[in-house]
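Step one of this worksheet: look at the structure below.
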Amino acid sequence: MLHHDFRRFLDALGKLNPAQIEDAQTKIPDLRRKSEAISEIEARTNRGHKCPFCGDPRPQKWGRTRTKIQRYRCCACHKTYSGRTGSAIGRIHRPDLFMEALRDMLDSPPPQSVRKLAKQLDLDKYTVWRWRMLVFAIIGKSSVPASFSGIIEADETYQRESRKGSREWVRHLADPKNIPQPPRTRWEDFTTQGLKMMRGLSRWQLPILTVADRGGSRLFRRLANRKSATVERAMNPLVPGDAVLCSDGGNGYRDLAAARGLEHFVVGSRPGTRVAAGCYHIQNVNSLHARFGKFIKPFCGPATKYLNSYIRWLEVRMAGLRPAEVVRAP
């Protein structure tokens with residue numbers, strides 16, 4: 043907008059009636075949201091970019107896309123592209139709303155469920171779900187192994203198995219002769235048939251290993267089972283030989299400390315047993331358990347096949363990953 047046009051626009055604001063001012067106030071946040079999304083996307087190409095097709099470093103501006111993002115034309119291959127071409131969000135038609143969904147995932151305390159966010163953004167729930175799966179794929183590539191040292195705390199938390207979206211019971215009921223009954227009872231049968239909730243329930247609790255040290259390194263890792271050998275194998279590459287291990291005394295930690303010759307402090311959950319030798323405890327991992335429970339609660343038990351993605355989501359939230367870093371990912 044030219045300078046004199048902008049001045050004319052500002053002068054016209056003084057002539058608006060209260061109803062028109064209210065309408066303008068509702069429009070400005072939408073415009074700001076779109077401009078912020080465009081600026082984040084264009085930041086990928088503002089720092090000496092090359093053609094994503096042939097690698098030529100001689101772009102020329104070539105108008106704008108339908109979503110108002112700067113388009114470029116390569117001087118070598120003559121193909122046009124934008125800051126989104128070749129990126130993970132290259133085919134997102136509403137980058138402004140995608141940024142809102144991304145901010146909800148990474149900034150809001152706590153994030154909303156898919157249905158609530160879709161209602162807030164006036165989108166279909168499947169659109170928000172596809173965006174969330176796209177973000178899972180992006181943040182999954184940025185995983186960096188944690189490094190631990192000094193006093194290391196370890197424990198497990200548990201998440202109930204969920205088979206959301208599974209058709210196993212539908213297939214069994216449709217053809218019971220050829221398709222065997224699934225091993226997992228449907229949760230609705232616990233209330234309709236009067237089954238006891240705790241009967242065999244522990245079998246469906248999935249262990250998640252949590253590790254933390256006093257330097258701020260943290261890790262969540264889903265385990266295949268709760269056997270001592272599984273815990274020992276998962277912990278072995280994480281603990282250096284000069285570290286001090288603190289745990290609740292599980293057999294996996296005891297076996298690891300004995301095999302590696304580590305100094306091992308066992309602490310309990312009752313008053314008077316939570317701290318050993320004045321400074322050895324597992325309160326940091328207990329805090330991680332609380333944060334995991336608070337984070338996962340709005341989703342009412344995510345499907346187990348996506349549990350690793352949700353764990354990674356919590357890790358990047360705790361690490362402070364910014365939405366702009368996700369948008370600029372290749």
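When we follow my numbering, the leftmost residue of the sequence shown carries the number 43, and every step to the right adds one. Just so it is clear, CB atoms sit at the ideal spot from N, CA and C, and this is done for glycine as well. Quick caveat: nothing in here was measured; it's all calculated off a predicted structure.
Counting C-beta pairs closer than 8 Å gives three or more between the stretch 168 to 185 and the stretch 354 to 361, which meets the contact rule.
Proximity of the stretch 315 to 330 to the stretch 225 to 237 falls short of the contact definition, fewer than three beta-carbon pairs being nearer than 8 Å. Within the stretch 166 to 247, the complete beta strand (DSSP E) segments of 3 residues or longer fall at 193 to 202, listed in chain order. Per DSSP, T122 is one residue of the beta strand (DSSP E) stretching across T122 to S124. According to the DSSP assignment, Q102 belongs to the beta strand (DSSP E) that extends over P101 to R106. Its chain contains L148 as the residues whose beta carbon lies nearer than 8 Å to that of R364, once the 5 sequence neighbours on both sides are disregarded; these appear in chain order. Around H214, the same chain offers I221, P222, Q223 and P224 as residues with beta carbons nearer than 8 Å, after the five sequence neighbours per side are excluded. With contacts defined by Cβ atoms closer than 8 Å, A318 and V327 do not form a contacting pair. In this structure, L287 is the residue among Q201, L287 and K347 with its C-alpha nearest to the C-alpha of F190. Going by C-alpha positions, Q162 is about 21 Å away from V369.
Contact annotation: the stretch 197 to 217 touches the stretch 241 to 260, with at least three C-beta pairs closer than 8 Å. Take L330, set aside five residues on each side of it, and the residues of its chain with a beta-carbon closer than 8 Å to its own are T199, T252, A254, R260 and F262, in chain order.
Under the DSSP assignment, Y295 falls in the alpha helix (DSSP H) whose first and last residues are N293 to R302. C-alpha of A160 to C-alpha of A61: approximately 28 Å in a straight line.
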